[in-house]
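Remarks on the structure that follows.
Chains as they are written, first to last, in the numbering used here: chain A, 420 to 923; chain B, 41 to 220.
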């Protein structure tokens, strides 16, 4: 419906006017239609009633004229029918049927009263009515009255109503203009003012104020608008203040955080530097340890190698030199050199971390490690006992695992030497348990004090004399087992010593 | 109907020669009958419900049969009684008195003796204004062939008679004899 859409966009004032006009005109049309319908529907009854009344009046007034044969007065009386436009024609007849006086509506030519009255009564023929009644006084008939009436009154009335309708319509049209003005002043103007105010509020001007000049809905709305604008301004100011406060706080907090972070980064860097230094130190210490071990391991083969070389010289001097002896000694020397070379490779392995996880035998690592240190420890009167059951397998980094094992041996040895244990012994046990490879290293150095038991894996924690321990060994061991290989490294005191346990 | 029948009888019996003479008193008789239609007598004029309506003709009766014909058997609800009088003193019971021309010489005395009755006094004798001035109530006036009447409404009112206002309209004058 394009018309409806158009009306939808009209200003309220015009809409209100349309509503008013439409209502008024509709009611007017309805009323007019009702009146018209009523007129048409009831005109017969009313006409009959009117004519009966009219005839009664004429009959009563004309009675003496008939009685006393005063045709002139009778005519005068009939002529008063000019005031009743419904009456088209009328006539008075004497008792002997003679026409006494007659009347025809002015301007009417086709209608004429009949020469004789005809039968008494009220008759409708089409839209017109004929009435014949006696003129009597005190029961004496003095003559007859004839009346004929038609729709003229209805027409006249309808014409009159049409005129009224036209007039009222014109009045409504005129009134509509006045109403529009009034509405503009009463409704549209305040609404427009509110709309402008809302616009300026939306534009950010919160100081706008709408005048409240009526107590109606618009006035209330204006009041509510003012209240809202006031509240808005208030909240806005408060909000701005809060934002400012908050920003300040945040800025200072940020500043604080930044300096703290810097400090922390600095500290961490410092720590890392120290850590690197310590790791370096521990590695150097390990290398030193290795060198000691290598030197111990090499001492005997070097002696043997020296003997073999000397034997060649001496046998040549005493004439017992033979080709067989030479070959034998060269083979022996080469074997020894080979062994020494192997020893170096073994140590090298310990210092080279594995790159990939592989599956390896725990016992192999134990044997290799023990073989590296066994000689050195024997010299220090420490015996190593290996009790292995079931050759457990591990997935991980064998060199790192060996390093951890070496570290545990070194700790045990240090403790044994420190406590000057006479029957010093390190026991290594390995077995498989719930799909895990379990390894324990136990000494008989009297155990670890309970109060430091939960601190020994902390970085830089050491009980050794200054310059001897770095406090990194157990920390790194725990890291290797738990972080890199997903296992567990724990410690407890058993009878007369400490037991370290690796579960992978 | 009565008048129609009467007309037919007249046509049969007295065709041309008697018509003119007969008509004047026929008309006047009819008018007397019609006066009774438009005038009301006070209830006191009829002592009982069965009291007759007494129509009196004072002097030499000019009506012949017409008066009885026109007035009929009853006037209103009352039986009609026509009395012929020669002396006005015998008139107290009359409701209507017609004074004939024969009484013209004694008219003043006749009217004076009728003054305290409740009768409607009618006459066609001589000077109507004189008649009215002396208490006459309805006087006939003949203009050419047309019979008309003048009313002395105040005299009738004094006698307690109620005259229909419409009657006044067809009268020549409703205040006959006044101011002269």
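Cβ atoms here follow ideal geometry from the backbone N, Cα and C, with glycine treated the same way.
DSSP on residue 737 of chain A, reduced to helix/strand/coil? Stepping through the first chain from its first residue, residue 737 of chain A is reached at position 318. DSSP places residue 737 of chain A in coil when its eight states are reduced to three.
In whole angstroms, what is the alpha-carbon distance linking residue 57 of chain B and residue 485 of chain A? For the purposes of this step, residue 57 of chain B is identified with residue 17 of the second chain, where counting begins at 1. For the purposes of this step, residue 485 of chain A is identified with residue 66 of the first chain, where counting begins at 1. Confidence is the limiting factor: at residue 57 of chain B the pLDDT is only 38, short of 50, which leaves the residue's position unreliable, though a coordinate-based value still follows. One C-alpha to the other measures close to 27 Å.
In chain order, what residues of the stretch 154-185 of chain B put their CB closer than 9 Å to some CB of chain A? none
How is residue 812 of chain A classed by DSSP in three states: helix, strand or coil? On the first chain, position 393 is the one that residue 812 of chain A refers to. In this structure, residue 812 of chain A counts as strand in the three-state DSSP scheme.
Beta strand (DSSP E) segment containing residue 880 of chain A, residue limits: Taking the first residue of the first chain as 1, we reach residue 880 of chain A at position 461. No beta strand (DSSP E) holds residue 880 of chain A; DSSP gives it neither H nor E.
Quick check: the Cα distance between residue 911 of chain A and residue 835 of chain A, rounded to an integer number of angstroms? Locating residue 911 of chain A in the first chain gives position 492, counting from the first residue. Locating residue 835 of chain A in the first chain gives position 416, counting from the first residue. Rounded to the nearest angstrom, the two C-alpha atoms are 17 Å apart.
With burial defined as no fewer than 16 other Cβ atoms inside 10 Å of the residue's Cβ, what is the status of residue 97 of chain B: buried or exposed? In the second chain, residue 97 of chain B corresponds to position 57, counting from 1. By the 10 Å Cβ count, residue 97 of chain B comes out buried.
In or out: residue 685 of chain A buried (at least 16 other Cβ within 10 Å) or exposed? Here residue 685 of chain A corresponds to residue number 266 of the first chain, with the count starting at 1. Exposed, by the Cβ-count rule.
What are the residues in the stretch 128-156 of chain B lying within 7 Å of chain A by C-beta distance? none
Residues near residue 752 of chain A in its chain [Cβ-Cβ closer than 8 Å; skip 5 each side]: As a first step, residue 752 of chain A must be located in the first chain, where it is residue number 333. So the list reads 724, 727, 728, once near-sequence residues are dropped.
Indicate the three-state DSSP secondary structure (helix, strand or coil) for residue 124 of chain B in the structure shown. The residue given as residue 124 of chain B occupies position 84 in the second chain. Here residue 124 of chain B sits in strand by DSSP.
Under the three-state reduction of DSSP, which class applies to residue 97 of chain B: helix, strand or coil? For the purposes of this step, residue 97 of chain B is taken as the residue at position 57 of the second chain. Of the three classes helix, strand and coil, the one that applies to residue 97 of chain B here is strand, per DSSP.
Interface flag, residue 56 of chain B vs chain A, CB-CB below 7 Å: Translated into the one-based positions of the second chain, residue 56 of chain B becomes position 16. Reliability fails at residue 56 of chain B, whose pLDDT of 39 lies under 50, so the model's placement of it is uncertain and the value that follows must be treated cautiously. Residue 56 of chain B does not count as touching chain A.
Whole angstroms are fine: how far does the CA of residue 918 of chain A sit from the CA of residue 669 of chain A? Translated into the one-based positions of the first chain, residue 669 of chain A becomes position 250. Translated into the one-based positions of the first chain, residue 918 of chain A becomes position 499. Taking the straight line from one Cα to the other gives about 54 Å.
Residue 801 of chain A (DSSP reduced to helix, strand or coil): Within the first chain, numbered from 1, the residue matching residue 801 of chain A stands at position 382. Here residue 801 of chain A sits in coil by DSSP.
Buried or exposed (CB count within 10 angstroms, at least 16 for buried), residue 61 of chain B: What you label residue 61 of chain B is simply residue 21 of the second chain in a count that begins at 1. Reliability of the predicted coordinates at residue 61 of chain B is poor, the pLDDT of 49 falling under 50, and the value obtained from them is presented with this limitation in mind. Classification for residue 61 of chain B: exposed.
Residue-level contact to chain A via CB, residue 86 of chain B, 7 Å cutoff: Counting from 1 along the second chain, the entry for residue 86 of chain B is found at position 46. Judged by the 7 Å Cβ criterion, residue 86 of chain B is not in contact with chain A.
Threshold first: 3 residues or longer. Then list the beta strand (DSSP E) segments lying entirely within the stretch 169-198 of chain B, N to C. 178-183, 186-191
Can you check which of these residues, A:694, A:865, A:923, A:801, is closest to residue 853 of chain A by C-alpha distance? Numbered from 1 along the first chain, position 434 holds the residue referred to as residue 853 of chain A. Of the candidates A:694, A:865, A:923, A:801, the one whose C-alpha sits nearest the C-alpha of residue 853 of chain A is A:923.
At which residues does the beta strand (DSSP E) containing residue 779 of chain A begin and terminate? For the purposes of this step, residue 779 of chain A is taken as the residue at position 360 of the first chain. Start and end: 777-780.
Mind listing the chain B neighbours of residue 492 of chain A? Cutoff is C-beta to C-beta under 8 Å, in chain order. The sequence position of residue 492 of chain A within the first chain is 73, counting from 1. In chain order: 209, 210.
Can you list the residues of chain B that residue 498 of chain A reaches, using a CB-CB cut of under 9 Å? Position 79 of the first chain, counting from 1, holds the residue named residue 498 of chain A. Near residue 498 of chain A there are no residues of chain B at all, since even the closest Cβ is about 14 Å away, more than 9 Å.
Below 7 Å between beta carbons: does that hold for residue 602 of chain A and residue 432 of chain A? Within the first chain, residue 602 of chain A is the residue found at index 183, counting from 1. Within the first chain, residue 432 of chain A is the residue found at index 13, counting from 1. Going by C-beta atoms, residue 602 of chain A is nearer than 7 Å to residue 432 of chain A.
With distance defined between alpha-carbon atoms, name the residue in A:475, A:568, A:618 nearest to residue 555 of chain A. Along the first chain, one-based indexing puts residue 555 of chain A at 136. It is A:475 whose Cα lies nearest to the Cα of residue 555 of chain A.
Taking all protein chains shown into account, do 16 or more other C-beta atoms lie within 10 angstroms of the C-beta of residue 522 of chain A, making it buried, or fewer, making it exposed? Translated into the one-based positions of the first chain, residue 522 of chain A becomes position 103. Classification for residue 522 of chain A: buried.
Identify the residues that DSSP records as bridge partners of residue 851 of chain A: which are they? Looking up residue 851 of chain A in the first chain gives position 432. In the DSSP output, where bridge partners are listed per residue, residue 851 of chain A has A:856.
Looking only at DSSP bridge pairs, what is residue 540 of chain A linked to? The sequence position of residue 540 of chain A within the first chain is 121, counting from 1. Answer is A:551.
Within 7 Å (strictly less), CB to CB, does residue 68 of chain B reach chain E? Any reference to chain E falls outside this structure, whose protein chains are A and B.
Using 8 Å as the threshold, is the stretch 194-210 of chain B in touch with the stretch 169-186 of chain B, meaning 3 or more CB pairs across them? yes
Going along the chain, which residues of the stretch 467-491 of chain A sit with their C-beta nearer than 8 Å to a C-beta in chain B? 479, 480, 482, 483, 484, 486, 487, 488, 489
Does the beta carbon of residue 559 of chain A come closer than 7 Å to any beta carbon on chain B? On the first chain, position 140 is the one that residue 559 of chain A refers to. So, interface residue.
Using the C-alpha atoms, what's the distance from residue 213 of chain B back to residue 179 of chain B? Residue 179 of chain B sits at position 139 when you count from the first residue of the second chain. Residue 213 of chain B sits at position 173 when you count from the first residue of the second chain. Roughly 10 Å separates the two Cα atoms.
Got a sec: which bits of the stretch 80-111 of chain B sit with their beta carbon under 8 Å from any beta carbon on chain A, in order along the chain? none
Rounded distance between the beta-carbons of residue 909 of chain A and residue 849 of chain A, thought under 8 Å: Position 430 of the first chain, counting from 1, holds the residue named residue 849 of chain A. Position 490 of the first chain, counting from 1, holds the residue named residue 909 of chain A. That pair is no contact at about 16 Å.
Just the C-alpha distance for residue 94 of chain B and residue 498 of chain A, rounded to the nearest angstrom, thanks. Position 54 of the second chain, counted from the first residue, corresponds to residue 94 of chain B. Position 79 of the first chain, counted from the first residue, corresponds to residue 498 of chain A. If you take the alpha carbons of residue 94 of chain B and residue 498 of chain A, they lie about 39 Å apart.
Quickly, what does DSSP pair residue 562 of chain A with across the bridge? List them, please. On the first chain, residue 562 of chain A is found 143 positions in, with the first residue counted as 1. In the DSSP output, where bridge partners are listed per residue, residue 562 of chain A has A:513, A:554.
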